[in-house]
Amino acid sequence: MISRKALELELIKKDTNEFAYLKKDKKTIEQLEEEEVPKYLEKEELAMFLKTAKNQGLAPDYLTWISYSYQNGTTQDGKTSCNRKIKL
Numbered sequence: 217m218i219s220r221k222a223l224e225l226e227l228i229k230k231d232t233n234e235f236a237y238l239k240k241d242k243k244t245i246e247q248l249e250e251e252e253v254p255k256y257l258e259k260e261e262l263a264m265f266l267k268t269a270k271n272q273g274l275a276p277d278y279l280t281w282i283s284y285s286y287q288n289g290t291t292q293d294g295k296t297s298c299n300r301k302i303k304l
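In my numbering, the protein residues as written are 217 to 304.
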């Protein structure tokens, strides 16, 4: 983007990013099968965890975990958890 703007303002003569690309590593089937699948809570386990957080946790624990579970449990590393509605 900076190179395009510099090219537009005629600060440079050639776009330095013209032939740049990101190399993608292709995984084999064996590599995909070797990867560990993260363990998620089942519906009943999640309900028990939320009840425990509500009854025995600190004040913000229950609200934090219930909102986390309704947001599909997304984290910064892209993993997700149970996204089913839980009756408490």
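A virtual CB, placed ideally from N, CA and C, is assigned to each residue, including glycine.
| Query | Result |
| --- | --- |
| Residue of Ser-285, Tyr-256 and Glu-252 minimising C-alpha distance to Lys-267 | Ser-285 |
| Inter-residue Cα distance where the pair is Glu-393 and Leu-279 | As shown, the chain starts at 217 and ends at 304. That puts residue 393 outside it, with no answer to give. |
| Backbone CA spacing between Glu-246 and Glu-252 [nearest angstrom] | 12 Å |
| Leu-238 to Leu-274 span [Cα, whole Å] | 46 Å |
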